[in-house]
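Below is one structure, written out as structure tokens, with a few remarks after it.
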Amino acid sequence: MRIGLTVRADERDPSPGADTAGAGPDDLRRWLAGQPGLRGRVRRATDSGPPPGAMGAGTDVVLALLEPGGVATVLAGAVVAWLQTRRGSRTVTITRPDGTEISVSSTEVGPLDAQQAGELAARLAAALEPEAGAPEAGGGEPSDGVPPAS
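Numbering-wise (this note's numbering), the sequence shown opens with residue 1 and increments by one.
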């Protein structure tokens, strides 16, 4: 399963020491590629330019190739940890192959303790699994996010 990850920095972040330039998609890609369970599964998208006819700069996308066996758990935990270790406000948006987007912000994960961060990573991993976004038998809509941390 091919997962896309984008990083958005809040350039208006007033927090002291906020670094809006240094923690972008390349930094996330390097962080993910350094995780033992993700080595060889993470790369930069080659077609990250704007769609034909669209104005503006393209979005840098990090691609992760996942398969059954816990790789989604490793990815989710690594994304949460990356966000917790960055200064300033960042949002990582994860896009599943079916187009479902899940966003996680550093302002949400920063104050979490280890147990809460682990629980968030587990919910994120469950949302990344192929069956997580499948419509339910009753015609329900796919999930488009991670339930809020408690």
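Every residue, glycine too, gets a C-beta built ideally from N, C-alpha and C.
Look up residue i in the DSSP assignment and say whether it is helix, strand or coil.
i	result
Thr6	strand
Thr93	strand
Thr73	helix
Met55	With a pLDDT of 46 at Met55, under the threshold of 50, the modelled position of that residue is not reliable, and the figure given next carries that caveat. It is coil, neither helix nor strand.
Thr85	coil
Gly110	coil
Pro25	helix
Gln35	coil
Measuring CA to CA, which of the options is closest to residue i?
i	options	result
Arg44	Thr6, Gln116, Val104 and Arg90	Thr6
Ala78	Ala121, Thr91 and Ser89	Ala121
Leu28	Arg39, Asp10, Gly37 and Leu83	Leu83
Asp26	Glu119, Asp60 and Ile94	Asp60
Glu108	Ala33, Gly24 and Thr91	Thr91
Arg96	Arg39, Pro36 and Leu66	Leu66
Thr63	Leu32, Asp98, Arg123 and Ala23	This sequence places Leu at residue 63; Thr is not what is there. For Leu63, the nearest C-alpha among the options comes from Leu32.
Could you name the residues that DSSP lists as bridge partners for residue i?
i	result
Glu101	Thr95
Ala178	Examination of residue 178 is not possible in this model, given that the chain is present from 1 through 150 alone.
Contact the stretch 66-74 vs the stretch 107-118: 3+ CB pairs below 8 Å: With a cut-off of 8 Å, the stretch 107-118 and the stretch 66-74 do not count as touching, because too few Cβ pairs lie within range.
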